[in-house]
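These protein sequences, in sequence, are chains W and H.
Heads up: the first sequence at position 187 corresponds to 187 in this note's numbering, and the numbers run straight through without jumps.
When you read off a place in the second sequence, starting at 1, and then add 404, the result is the number in this note's numbering.
Take a look at the structure set out below.
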Amino acid sequence: MAPENKLDKSKMVVVEGSYAVAHAAKVCRPNVISAYPITPQTHIVEDLSQFMADGEIPNCEYINVESEFSALSALVGSSAAGARCYSATTSQGLELMHEVLFNISGMRLPVVMTIANRAVSAPISIWNDHQDAISQRDTGWLQLYAENIQEVSDMTAQAYKISEDKDILMPSMTCMDGFILSHVYEPVVLLEQDLTDEFLPTYEPEYVLDPKNPMSFGAFADPNYYTEFRYMQEQAMQRALKKIEDVANEFYDVYGRYYGGLIDEYRTDDADIIIMAMGSIVGTIKDVIDKLRDRNVKVGLLKVRSFRPFPVEAIKNVVKDAKVVVVLDKNISLGLNEGALFTETKSSLYNTDIRVPVVGYMVGHGGRDIKFDTIEKIVAEAEDVIKTGIKIESQFTDVKEELL
Amino acid sequence: MKSLLAPGHRGCAGCCDAMAAKFALMGAGEDCIVVNPTGCLEVMTTPFPETAWDVPWIHSLFENAAAVGSGIEAALKALGKADKAKVLVMGGDGATLDIGMRSISGAFERGHNLTYVCIDNEAYMNTGVQRSGATPYNASTTTSPSGKVSFGNPRPKKNMPAIMVAHGAPYVTTTSIGYPKDMINKVKKATEIEGPTYVHSHAPCTTGWGFDTSKTVEVAKMAVQTGLWPLYEVEDGEVTKVRKLGKNIKPVEEYLKMQRRFKHLFTMEGGEAEIAKIQAIADKNIEEFGL
Ligand SMILES: Cc1ncc(C[n+]2csc(CCOP(=O)(O)OP(=O)(O)O)c2C)c(N)n1
Ligand code: SF4
Numbered sequence: 001m002a003p004e005n006k007l008d009k010s011k012m013v014v015v016e017g018s019y020a021v022a023h024a025a026k027v028c029r030p031n032v033i034s035a036y037p038i039t040p041q042t043h044i045v046e047d048l049s050q051f052m053a054d055g056e057i058p059n060c061e062y063i064n065v066e067s068e069f070s071a072l073s074a075l076v077g078s079s080a081a082g083a084r085c086y087s088a089t090t091s092q093g094l095e096l097m098h099e100v101l102f103n104i105s106g107m108r109l110p111v112v113m114t115i116a117n118r119a120v121s122a123p124i125s126i127w128n129d130h131q132d133a134i135s136q137r138d139t140g141w142l143q144l145y146a147e148n149i150q151e152v153s154d155m156t157a158q159a160y161k162i163s164e165d166k167d168i169l170m171p172s173m174t175c176m177d178g179f180i181l182s183h184v185y186e187p188v189v190l191l192e193q194d195l196t197d198e199f200l201p202t203y204e205p206e207y208v209l210d211p212k213n214p215m216s217f218g219a220f221a222d223p224n225y226y227t228e229f230r231y232m233q234e235q236a237m238q239r240a241l242k243k244i245e246d247v248a249n250e251f252y253d254v255y256g257r258y259y260g261g262l263i264d265e266y267r268t269d270d271a272d273i274i275i276m277a278m279g280s281i282v283g284t285i286k287d288v289i290d291k292l293r294d295r296n297v298k299v300g301l302l303k304v305r306s307f308r309p310f311p312v313e314a315i316k317n318v319v320k321d322a323k324v325v326v327v328l329d330k331n332i333s334l335g336l337n338e339g340a341l342f343t344e345t346k347s348s349l350y351n352t353d354i355r356v357p358v359v360g361y362m363v364g365h366g367g368r369d370i371k372f373d374t375i376e377k378i379v380a381e382a383e384d385v386i387k388t389g390i391k392i393e394s395q396f397t398d399v400k401e402e403l404l
Numbered sequence: 405m406k407s408l409l410a411p412g413h414r415g416c417a418g419c420c421d422a423m424a425a426k427f428a429l430m431g432a433g434e435d436c437i438v439v440n441p442t443g444c445l446e447v448m449t450t451p452f453p454e455t456a457w458d459v460p461w462i463h464s465l466f467e468n469a470a471a472v473g474s475g476i477e478a479a480l481k482a483l484g485k486a487d488k489a490k491v492l493v494m495g496g497d498g499a500t501l502d503i504g505m506r507s508i509s510g511a512f513e514r515g516h517n518l519t520y521v522c523i524d525n526e527a528y529m530n531t532g533v534q535r536s537g538a539t540p541y542n543a544s545t546t547t548s549p550s551g552k553v554s555f556g557n558p559r560p561k562k563n564m565p566a567i568m569v570a571h572g573a574p575y576v577t578t579t580s581i582g583y584p585k586d587m588i589n590k591v592k593k594a595t596e597i598e599g600p601t602y603v604h605s606h607a608p609c610t611t612g613w614g615f616d617t618s619k620t621v622e623v624a625k626m627a628v629q630t631g632l633w634p635l636y637e638v639e640d641g642e643v644t645k646v647r648k649l650g651k652n653i654k655p656v657e658e659y660l661k662m663q664r665r666f667k668h669l670f671t672m673e674g675g676e677a678e679i680a681k682i683q684a685i686a687d688k689n690i691e692e693f694g695l
């Protein structure tokens, strides 16, 4: 049984999502923050700047870089020099960081970065979908997706603990839906400094740039060596599967809050239909599920918290007795007509004896609202799949034919 | 003086980058952390699991060395170790004048306490001698080759030291591997000055320029003696020191004919007029710096 989430109402304050994240970053005691503004991440870096201006983050340098490319590049240097590092970005900023993302993970630097997920250009759009982070899925960063502001705030501390573990040493992206979470005010319990100090030990790296003990970072590896570096990164990713679960439990022990480990479940026990999704949309889905359950539709939710590493076993366990799995993706792998979560869920099941039909829907691109009706329609179509099998494997929803 | 760059690296015989790195380290001393973007120097000194560096060294990408240096400097400050190590960035001309330009500009504008050394071999050597923003007028490279209707690179070198002066850097200087003492002293001075300092070192590449492997230093000296590469220091925007040439100024022709990359100027029709244009570049330097 998953632990029950105990939110201490007396400690709740109503703040903007970005503020909660900035506050979380602050109490994690970063030594170097380096970031560049981009909507809808901007408020996070503004709040952090204000904390700096008010002297609220001790032993920390804030680098006001000239681009996202340098924002992350600076953290290559600071992390290698032994600092705990933080950044935040989204969309075009994240895409601009692409080359550095590989660099950080390849050097095994445990940087943590919040992504306020946003669509990518062209056409330019500032609104939420997951295309930005999904485009970076193979860069060797852990990717955790949050359902609400409380979760993304708490996830920040969890991410440091996972990333900095000596057996992991992989950077993390904590993903929050742009605007939907970044610009919304919700009652939350802000991370407490004393509890966070108890939960998150200071970062004590084994390998640092230090003239007393010179080491070379990021050497040139010929074909005799390169493969082993990649292999070791993948091994660390696999170890992270357990670590993410452990850290979620350790977090619960200290703070009494729990949102699932790799995944979370909602009314899945007897569900024939399982909806899978990531991010804030799961809140909407839960409400639809409640409504449909009142009408005796046996539907449940599988929320994916960790997209990287991908929780194959956890997913298999939940979907094995279902009659259909519906995957909602706020992204598309162009040329396959599928979203990434859908593709990877299918591939997780292929070489198993679990023979549940899996269908995919691409929803909410560029911030398009995902309405109750849409999800109900999708569930109705899933009921048909149970009766008649798959007719359409993967499709866009709510396309305006009149605009095509 | 101890060399902090171990022998046995994989550079070409007579490699300018190796000399430049060695001299820069002699100037900076052992309490430094080196950032080195992609290029000949990086590739030849760190074939895993070996390394030629006797100081902490980090490579990340071709275009972000100054930003990585900014991060190291910030971390040292935050961790209370700022007095324990100097940050020394060493990049090729491609990494400096072209692809890394924005990151250098940002680091200097922000005023990080680091020293950036540009090792200027006047082309992208690591990828096989393609032109860069530092390639001089009329040099033949693989992407600016001389040909029936071309004298080679059609534009003069970008004036990077002037750009760095314009950033308000407290110390900007030019030097050359042909004058090791000059280079060692200037790097030392640069690392001792608070704030972002810039050292631009001329570094003739035997392979890319086409001269005998024993002639690296000779070619380097000739660039200075013709006035094509003036050696000067700029402190807080003012030229404070210039290496005078006196009466011994050599015609540019002597420099050009030492190198295969300018060979076409001596065989093609109209070459003489082109050489005169290069002489005019040197003459302008001679006048401007009072060489
Ligand atoms: C983004 C990117 N583009 C291109 C390259 C290929 N590349 C590697 S080194 C190099 C040229 C390096 O030239 P320079 O900085 O002048 O150093 P040198 O090798 O001449 O010492 C190039 C183009 C790269 N590594 N990264
Ligand atoms: S090509 Fe030039 S810079 Fe590169 S290793 Fe050879 S001599 Fe050195």
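The beta carbon of each residue, even a glycine, is placed where N, CA and C say it ideally should be.
For clarity, every value in this text was computed on a predicted model and none was experimentally measured.
By Cβ distance, which residues of its chain are closer than 6 Å to residue i, with the 5 residues on each side in sequence left out?
i: proline 309(W); result: Met237, Ala240, Leu241
i: histidine 463(H); result: Asn440, Glu446
i: alanine 83(W); result: Asn31, Val32
i: glycine 418(H); result: Thr610, Thr617, Thr620
i: phenylalanine 396(W); result: Met362
i: valine 623(H); result: Pro608, Phe615, Met662
Can you tell me which of the options puts its alpha carbon nearest to the alpha carbon of residue i?
i: phenylalanine 251(W); options: Val363(W), Lys323(W), Lys161(W), Arg108(W); result: Lys161(W)
i: glycine 17(W); options: Glu4(W), Gln150(W), Ser105(W), Asn64(W); result: Gln150(W)
i: alanine 486(H); options: Asp497(H), Trp461(H), Ile503(H), Asn517(H); result: Asn517(H)
i: valine 359(W); options: Thr345(W), Gly367(W), Thr352(W), Gly366(W); result: Thr345(W)
i: threonine 114(W); options: Val13(W), Ile378(W), Cys175(W), Asp264(W); result: Cys175(W)
i: valine 297(W); options: Ile315(W), Ile273(W), Leu262(W); result: Ile273(W)
i: isoleucine 653(H); options: Ile690(H), Asp497(H), Ala425(H); result: Ile690(H)
i: arginine 137(W); options: Arg293(W), Glu99(W), Gly77(W); result: Glu99(W)
i: serine 605(H); options: Ser474(H), Glu598(H), Lys625(H); result: Lys625(H)
i: leucine 195(W); options: Met170(W), Ser163(W), Pro211(W), Asp154(W); result: Asp154(W)
Using DSSP bridges, identify the partner residues of residue i.
i: phenylalanine 217(W); result: Ile462(H)
i: tryptophan 457(H); result: Leu409(H)
i: cysteine 436(H); result: Lys490(H)
i: glycine 360(W); result: Val327(W), Ser394(W)
i: tyrosine 602(H); result: Tyr520(H), Val576(H)
i: tyrosine 62(W); result: Ile33(W)
i: glutamate 639(H); result: Tyr575(H), Glu642(H)
Buried or exposed: residue i, going by 16 or more other Cβ atoms within 10 Å of its Cβ?
i: asparagine 103(W); result: buried
i: aspartate 586(H); result: buried
i: glutamate 206(W); result: exposed
i: valine 553(H); result: exposed
i: proline 608(H); result: buried
i: glutamine 131(W); result: buried
i: serine 550(H); result: buried
i: proline 58(W); result: exposed
i: alanine 684(H); result: exposed
i: glycine 77(W); result: buried
i: threonine 227(W); result: exposed
i: alanine 677(H); result: exposed
i: lysine 406(H); result: exposed
According to DSSP, is residue i helix, strand or coil?
i: arginine 308(W); result: strand
i: tyrosine 541(H); result: coil
i: threonine 577(H); result: strand
i: alanine 470(H); result: helix
i: methionine 448(H); result: helix
i: isoleucine 273(W); result: strand
i: leucine 142(W); result: strand
i: tyrosine 350(W); result: helix
i: threonine 89(W); result: strand
i: phenylalanine 555(H); result: strand
i: valine 420(H); result: Note on identity: in this sequence residue 420(H) is cysteine, with valine being the wrong assignment. Helix, per DSSP.
i: alanine 477(W); result: With chain W running from 1 to 404 in the structure shown, residue 477(W) is simply not present.
i: leucine 191(W); result: coil
Note down, in chain order, each residue of its chain lying with its Cβ closer than 8 Å to the Cβ of residue i, except the 5 sequence neighbours on either side.
i: valine 569(H); result: Val576, Val638, Gly641
i: valine 643(H); result: Tyr636, Glu637, Phe693
i: leucine 632(H); result: Pro540, Val656, Tyr659, Ile682, Ile685, Ala686, Asn689
At 8 Å on the CB atoms, spell out the chain B contacts of residue i, in chain order.
i: phenylalanine 220(W); result: Included in the structure are the protein chains W and H, with no chain B among them.
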